[in-house]
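Protein chains in written order, with my numbering: chain H, 2 to 144; chain Y, 70 to 203; chain A, 68 to 726. One structure is given here, and the rest of the page talks about it.
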Amino acid sequence: MSVNLESHEPLIVAFCCNWCSYAGADLAGTSRMSYPTNVRIVRVPCSSRVNPSFIIRAFQRGADGVLIAGCHPGDCHYHSGNYYTRRRFTVLKRMLEYMGIEPERFQVRWISGSEGAKFAGVMNEITQEIKALGPNRKLRDVR
Amino acid sequence: MKITTEKINSNLVRDVEEVSGQKVSACFQCGKCTGGCPVVWAMDIFPHQVLRYAQMGLIDELLHSKTLWICASCQTCDSRCPREVDIPKVIEALRLIIMREKGGNYLHPNDLPARVRENAPQQGLVSAFRKYAK
Amino acid sequence: MKRIGVFICWCGSNIAATVDIDKTIAAAKQMPGVVFADHNKYTCSELGQDMVKNAIKEHQLDRVVIGACSPRMHENTFRKTVEAAGLNPYYMEIANIREQCSWVHKDKETATGKAISLVRTAVAKAARNEALFSTEMPIERRALVIGGGIAGIQAALDIAETGFEVDLLEKEPSIGGRMAQLDKTFPTLDCSACILTPKMVDVAQHEKIRLITYSEVEKVEGYVGNFTVTIRNKARSVDMEKCTGCGDCMNKCPQKVSSEFEMGLAERRAIYTPFPQAVPNKPAIDRATCRWFTQEKCRVCEKICPTGAIDYDQVDEFITQRYGAIVVATGFDTHKLDKYGEYAYGKHPDVITSLEMERLFNASGPTGGKLLRPSNGKPPKNVAFIQCVGSRDKAKGNPYCAKICCMYTAKHAILLNEKVPGSKSFVFYIDVRTPGKDYEEFYNRAYEQHNATYIKGNVSKVFPDGDQLVVRSVDALSGALVELVVDMVVLATSVDARSDAKDLAQKLSITTNAHKFFNEAHPKLRPVETQTAGIFLAGVCQGPKDIPETVAQASAAAVKVASLLSKESLKSNPTIAEVDQKRCSGDMSCMAVCPYGAISEKIIEERRGRETVTRKIAEVNTALCQGCGACTVACRPGAINLKGFTNEQILAEVDAICL
Numbered sequence: 002m003s004v005n006l007e008s009h010e011p012l013i014v015a016f017c018c019n020w021c022s023y024a025g026a027d028l029a030g031t032s033r034m035s036y037p038t039n040v041r042i043v044r045v046p047c048s049s050r051v052n053p054s055f056i057i058r059a060f061q062r063g064a065d066g067v068l069i070a071g072c073h074p075g076d077c078h079y080h081s082g083n084y085y086t087r088r089r090f091t092v093l094k095r096m097l098e099y100m101g102i103e104p105e106r107f108q109v110r111w112i113s114g115s116e117g118a119k120f121a122g123v124m125n126e127i128t129q130e131i132k133a134l135g136p137n138r139k140l141r142d143v144r
Numbered sequence: 070m071k072i073t074t075e076k077i078n079s080n081l082v083r084d085v086e087e088v089s090g091q092k093v094s095a096c097f098q099c100g101k102c103t104g105g106c107p108v109v110w111a112m113d114i115f116p117h118q119v120l121r122y123a124q125m126g127l128i129d130e131l132l133h134s135k136t137l138w139i140c141a142s143c144q145t146c147d148s149r150c151p152r153e154v155d156i157p158k159v160i161e162a163l164r165l166i167i168m169r170e171k172g173g174n175y176l177h178p179n180d181l182p183a184r185v186r187e188n189a190p191q192q193g194l195v196s197a198f199r200k201y202a203k
Numbered sequence: 068m069k070r071i072g073v074f075i076c077w078c079g080s081n082i083a084a085t086v087d088i089d090k091t092i093a094a095a096k097q098m099p100g101v102v103f104a105d106h107n108k109y110t111c112s113e114l115g116q117d118m119v120k121n122a123i124k125e126h127q128l129d130r131v132v133i134g135a136c137s138p139r140m141h142e143n144t145f146r147k148t149v150e151a152a153g154l155n156p157y158y159m160e161i162a163n164i165r166e167q168c169s170w171v172h173k174d175k176e177t178a179t180g181k182a183i184s185l186v187r188t189a190v191a192k193a194a195r196n197e198a199l200f201s202t203e204m205p206i207e208r209r210a211l212v213i214g215g216g217i218a219g220i221q222a223a224l225d226i227a228e229t230g231f232e233v234d235l236l237e238k239e240p241s242i243g244g245r246m247a248q249l250d251k252t253f254p255t256l257d258c259s260a261c262i263l264t265p266k267m268v269d270v271a272q273h274e275k276i277r278l279i280t281y282s283e284v285e286k287v288e289g290y291v292g293n294f295t296v297t298i299r300n301k302a303r304s305v306d307m308e309k310c311t312g313c314g315d316c317m318n319k320c321p322q323k324v325s326s327e328f329e330m331g332l333a334e335r336r337a338i339y340t341p342f343p344q345a346v347p348n349k350p351a352i353d354r355a356t357c358r359w360f361t362q363e364k365c366r367v368c369e370k371i372c373p374t375g376a377i378d379y380d381q382v383d384e385f386i387t388q389r390y391g392a393i394v395v396a397t398g399f400d401t402h403k404l405d406k407y408g409e410y411a412y413g414k415h416p417d418v419i420t421s422l423e424m425e426r427l428f429n430a431s432g433p434t435g436g437k438l439l440r441p442s443n444g445k446p447p448k449n450v451a452f453i454q455c456v457g458s459r460d461k462a463k464g465n466p467y468c469a470k471i472c473c474m475y476t477a478k479h480a481i482l483l484n485e486k487v488p489g490s491k492s493f494v495f496y497i498d499v500r501t502p503g504k505d506y507e508e509f510y511n512r513a514y515e516q517h518n519a520t521y522i523k524g525n526v527s528k529v530f531p532d533g534d535q536l537v538v539r540s541v542d543a544l545s546g547a548l549v550e551l552v553v554d555m556v557v558l559a560t561s562v563d564a565r566s567d568a569k570d571l572a573q574k575l576s577i578t579t580n581a582h583k584f585f586n587e588a589h590p591k592l593r594p595v596e597t598q599t600a601g602i603f604l605a606g607v608c609q610g611p612k613d614i615p616e617t618v619a620q621a622s623a624a625a626v627k628v629a630s631l632l633s634k635e636s637l638k639s640n641p642t643i644a645e646v647d648q649k650r651c652s653g654d655m656s657c658m659a660v661c662p663y664g665a666i667s668e669k670i671i672e673e674r675r676g677r678e679t680v681t682r683k684i685a686e687v688n689t690a691l692c693q694g695c696g697a698c699t700v701a702c703r704p705g706a707i708n709l710k711g712f713t714n715e716q717i718l719a720e721v722d723a724i725c726l
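Here it is in structure tokens:
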């Protein structure tokens with residue numbers, strides 16, 4: 002796949018927990034906030050459901066960035082899930098960096114169900130950051 | 070400057086309330102009076118502090134302040150006070166307390182010859198006692 | 068190959084104005100497995116739902132994707148729709164093309180592109196959807212209320228009134244709790260006992276309520292609808308059946324002990340009821356101080372009892388009972404003052420806590436309702452009240468506001484002025500907080516009509532001067548130093564969680580915050596539920612609050628309990644974890660991360676070659692599992708999966724997004 006750097010529109014996969022971040026994304030919609038179309042949301046019950054292998058798979062399949070969004074620490078619907086998320090992805094982030102993936106490509110954010118504006122803000126922010134990095138070539142599998 | 074039980078409980082605090090007819094204790098120190106006062110720049114004690122000093126029995130400090138004589142009684146503060154305290158009246162009461170306490174009377178009834186005393190106009194006489202005393 | 072049907076909703080112009088519906092339909096028809104695609108103005112309407120149902124039958128669809136609003140909005144609606152057409156409800160997937168597409172994007176071309184991608188993702192997931200089934204769990208239609216204060220009393224009464232049986236558990240010999248200790252209540256100054264004791268009597272007389280006093284929770288097992296609770300019924304040494312509550316034993320008992328109820332300001336006997344209006348009005352022997360239990364002599368109460376109710380040989384009994392729901396209403400402790408030497412509490416008898424002040428005001432208290440100085444028995448003239456003692460103190464107390472102190476101190480100032488004519492109170496405060504109906508007006512009355520002077524400043528030192536006390540502070544508003552000579556100092560002590568709150572939380576598997584107050588499931592929208600289904604909260608054990616709020620929360624908890632118990636059975640959530648026996652290595656990493664204790668070990672027998680071996684594997688309790696999926700990631704062999712959100716489904720979504 003040849004990619005034109007100038008017009009490259011990054012593809013970002015966002016794993017959002019059902020109780021906070023997915024609700025935050027819905028609120029951004031009901032409040033008619035706007036953010037770029039680059040983000041695609043995968044709904045999971047809890048950010049702790051996200052297996053590191055899902056992130057690696059996304060990068061392999063050509064995603065330019067991956068976001069995991071969960072409830073704020075202490076607010077997890079399942080009361081401790083996001084702590085596991087935090088620990089797991091601190092480790093994964095290091096591994097990805099070791100593999101040469103820019104740290105901006107993989108981010109974890111806490112967005113509550115009442116933070117529609119924050120959700121839209123984060124989407125704008127990471128889209129810009131990842132756009133500046135250009136396409137992900139490191140992990141993309143050749144098919 | 071020190072607040073003590075005696076000062077808070079002193080008669081002077083009650084005097085201020087009695088002479089002004091205002092409930093000094095009603096003030097909860099929001100500061101709106103001071104914020105809107107047109108002559109506050111010239112004051113050494115701000116209007117809200119006048120009430121605080123009065124609540125705490127710091128009457129001596131008040132009586133020596135310039136504020137009492139700078140207040141123009143324009144009623145801006147009074148018209149905005151959420152606690153219905155007429156601050157100009159409190160200040161006026163403080164002025165009165167000073168007037169009453171400061172120095173002796175200019176005339177003393179005993180100074181008048183007995184024969185004049187009987188016929189002298191009473192209101193005029195009282196005025197004469199006070200008039201030049203300051 | 069699956070036969071998938073795609074239905075794109077216009078949602079009027081909400082979606083259709085930004086997403087090209089025809090283009091989306093055309094693209095959907097090309098997606099793998101899709102055999103039918105159509106659109107509708109309002110899919111959630113009856114007409115729209117009928118169209119889905121008809122298409123399922125006409126085209127023999129076995130999976131359905133609906134491109135519409137958020138699944139948080141209409142997932143249940145459409146699950147019922149496909150169920151009505153004969154499909155398993157979990158065969159349906161929603162592509163969120165409204166909240167997460169048409170409403171957040173403006174450019175029609177890119178929005179349509181994204182909508183197609185979202186539909187493709189949903190189609191990829193739907194192709195891997197399995198049929199899921201809820202199981203029915205029977206409910207034990209009886210409730211347990213832990214704590215017999217006003218919160219527990221109110222919750223028990225409200226539950227009982229709906230017709231369900233309630234056990235009310237109290238660790239002291241009598242119910243009543245903190246409210247029984249209070250004199251008057253703000254902002255109306257009703258007498259606390261006058262409004263509380265009728266409720267206590269109602270509890271005692273209600274045919275649906277069983278009172279279990281002098282008892283504590285020992286063990287809790289089970290899950291919503293089916294809790295099994297073991298209760299330790301402490302040995303009372305008095306036969307409740309025989310005792311008539313005449314009180315002779317209490318009059319004759321020679322052993323005097325400092326009374327907890329009177330905050331140490333008066334004495335009780337070793338055989339006692341905490342206060343005269345106790346419910347049940349039957350005494351208990353305090354074995355730690357009773358002469359028979361400590362010195363093996365006396366037995367006066369046994370001799371005096373006309374009904375032979377005294378039983379020194381009683382032992383702690385254990386009751387095991389099943390419950391469908393539990394309300395926790397365990398109340399609070401007052402803050403310990405050992406770190407506040409500057410206030411001279413404990414060093415001078417005239418420095419007292421606010422709860423001690425309540426007893427001094429109370430007509431049934433140690434002074435018979437006359438406010439007298441503990442040191443010399445004379446009425447005080449000047450009294451200093453110190454607010455925020457142990458509250459809003461990050462360094463050595465609680466960082467939070469105890470919420471009730473501003474109001475009860477205003478109450479004390481008013482009562483003082485009414486009880487002792489000519490008296491004056493000085494209230495040292497940091498902020499005065501009076502949010503509540505008629506609260507601000509009540510506070511205003513204290514300083515306008517009842518001779519209270521509020522001084523903004525925290526007290527830094529209290530020390531005796533002759534038979535009086537000197538209080539040092541500053542008036543931050545005037546900047547003047549404050550040195551007052553007063554007759555009494557009252558400390559507004561902070562509200563702490565119960566010292567044993569953590570233990571109880573562990574028994575119930577509910578959580579506490581950093582200050583050991585029990586956590587509600589959601590701070591705004593689920594204020595009386597806990598994260599553990601079937602366990603509810605009422606009163607200060609959840610966080611500082613006053614009586615009206617406590618009663619409101621207790622009634623709310625009662626409704627939650629009643630709505631739970633009113634069902635014949637509970638439908639379980641089928642999107643829960645599932646263990647693949649063959650792949651499970653028995654390493655039990657999943658068990659360690661499960662927040663609900665839903666995973667346990669199970670020994671299975673297996674044929675291996677010619678022999679039968681036993682090995683350990685993980686097993687999911689379908690009633691306890693809430694479906695978070697944390698275990699699926701912890702599992703090393705990948706043996707545990709989350710139904711409805713399987714690894715295969717999520718990876719298919721990722722693949723479809725990245726296509």
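For glycine and all other residues, C-beta sits at the position ideal for the given N, C-alpha and C.
Handout entry: 9 Å Cβ cutoff, A:Y290 in contact with chain H
Key = no
Handout entry: Euclidean distance between Cα positions of H:S3 and H:C18
Key = Annotation note: pLDDT 48 at H:S3 (below 50); position unreliable, coordinate value reported separately. Cα to Cα, the separation comes out at about 34 Å.
Problem - Proximity to A:N511 [Cα-Cα], best of Y:Y122, Y:E153, Y:I72 - result: Y:E153
Handout entry: Length at least 3, wholly inside the region 172 to 211 of chain A: the beta strand (DSSP E) runs in chain order
Key = The region 172 to 211 of chain A contains these whole beta strand (DSSP E) runs: 203 to 205.
Problem - Contact set between A:L548 and chain Y, taken where Cβ atoms lie within less than 9 Å - result: M70, K71, I72
Practice task
Output yes if chain H places a C-beta closer than 9 Å to the C-beta of A:K574; else output no.
Solution key: no
Exercise for the section: Determine, using beta carbons only, whether A:I471 and A:P611 come nearer to each other than 9 Å. Expected result: yes
Exercise for the section: Along the beta strand (DSSP E) that carries H:F120, what are the first and last residues, could you check? Expected result: Run containing H:F120: none in the beta strand (DSSP E); it sits in the alpha helix (DSSP H), 117 to 134.
Practice task
Verify the CB distance criterion: does A:T188 have a CB-CB separation below 9 Å to chain H?
Solution key: yes
Handout entry: Exposure of A:P502, with buried meaning 16 or more beta-carbon neighbours within 10 Å
Key = exposed
Practice task
Compare the beta carbon distance of A:T699 and H:R50 with 9 Å and say whether it is the shorter of the two.
Solution key: yes
Practice task
Identify the continuous alpha helix (DSSP H) that holds A:Q716 and give its terminal residues.
Solution key: Under the DSSP assignment, A:Q716 falls in the alpha helix (DSSP H) whose first and last residues are 714 to 724.
Practice task
Taking A:L185 and A:I213 to be in contact with their CB atoms under 8 Å, please state how far apart those CB atoms are, rounded to whole angstroms.
Solution key: Going by Cβ atoms, the distance from A:L185 to A:I213 rounds to 48 Å, so no, they are not a contact pair.
Problem - Three-state class that DSSP yields for A:Q454 in the structure shown - result: strand
Practice task
May I ask you to report which of helix, strand or coil DSSP gives A:C258?
Solution key: strand
Practice task
Compute the distance between the beta-carbons of A:A719 and A:R195, then report whether it is under 9 Å.
Solution key: yes
Practice task
For the alpha helix (DSSP H) containing A:R354, list its first residue and its last residue.
Solution key: Segment: none, A:R354 is in no alpha helix (DSSP H) and carries neither H nor E.
Practice task
Report yes or no: is there a C-beta of chain H within less than 9 Å of the C-beta of A:E672?
Solution key: So no, A:E672 is outside the interface.
Handout entry: Inter-residue Cα distance where the pair is A:T361 and A:A302
Key = When rounded, the separation of the alpha-carbon atoms in A:T361 and A:A302 is 16 Å.
Exercise for the section: Buried or exposed for A:M159, please, with buried defined as at least 16 other CB atoms from any protein chain shown within 10 angstroms of its CB. Expected result: buried
Handout entry: Buried or exposed (CB count within 10 angstroms, at least 16 for buried), H:R62
Key = buried
Problem - Start-end ranges of the beta strand (DSSP E) lying completely within the region 136 to 175 of chain Y, minimum 3 residues - result: none
Handout entry: C-beta neighbour in chain A for H:P11, strict 9 Å
Key = no
Handout entry: Check whether A:S490 and A:P441 have beta carbons under 9 Å apart
Key = no
Practice task
Name the residue from A:A151, A:T177, A:T188, A:N155 whose alpha carbon lies nearest to the alpha carbon of A:A162.
Solution key: Cα-wise, what sits closest to A:A162 is A:T188.
Practice task
Please confirm if A:A685 has its CB atom under 9 Å from at least one CB of chain H.
Solution key: no
Practice task
Just the C-alpha distance for A:R674 and H:N125, rounded to the nearest angstrom, thanks.
Solution key: Rounded to whole angstroms, A:R674 to H:N125 spans 57 Å at the Cα level.
Problem - Same chain, Cβ closer than 7 Å to Y:C143, neighbours up to 5 away in sequence not counted - result: P107
Exercise for the section: Would you check if the distance between the CB atom of A:L128 and the CB atom of A:L154 is smaller than 9 Å? Expected result: For the 9 Å CB-CB criterion, A:L128 and A:L154 form a contact.
Practice task
Taking a Cβ distance cut-off of 8 Å, strictly less, list which residues of the region 304 to 332 of chain A are near chain Y, in chain order.
Solution key: none
Exercise for the section: Report yes if the C-beta distance between A:V537 and A:K528 is below 9 Å; otherwise report no. Expected result: yes
Exercise for the section: Hey, could you find the ends of the beta strand (DSSP E) A:H106 is sitting in? Expected result: Judged by DSSP secondary structure, A:H106 falls within the beta strand (DSSP E) whose first and last residues are 101 to 107.
Handout entry: Distance CB(H:I57)-CB(H:V40) smaller than 9 Å
Key = no
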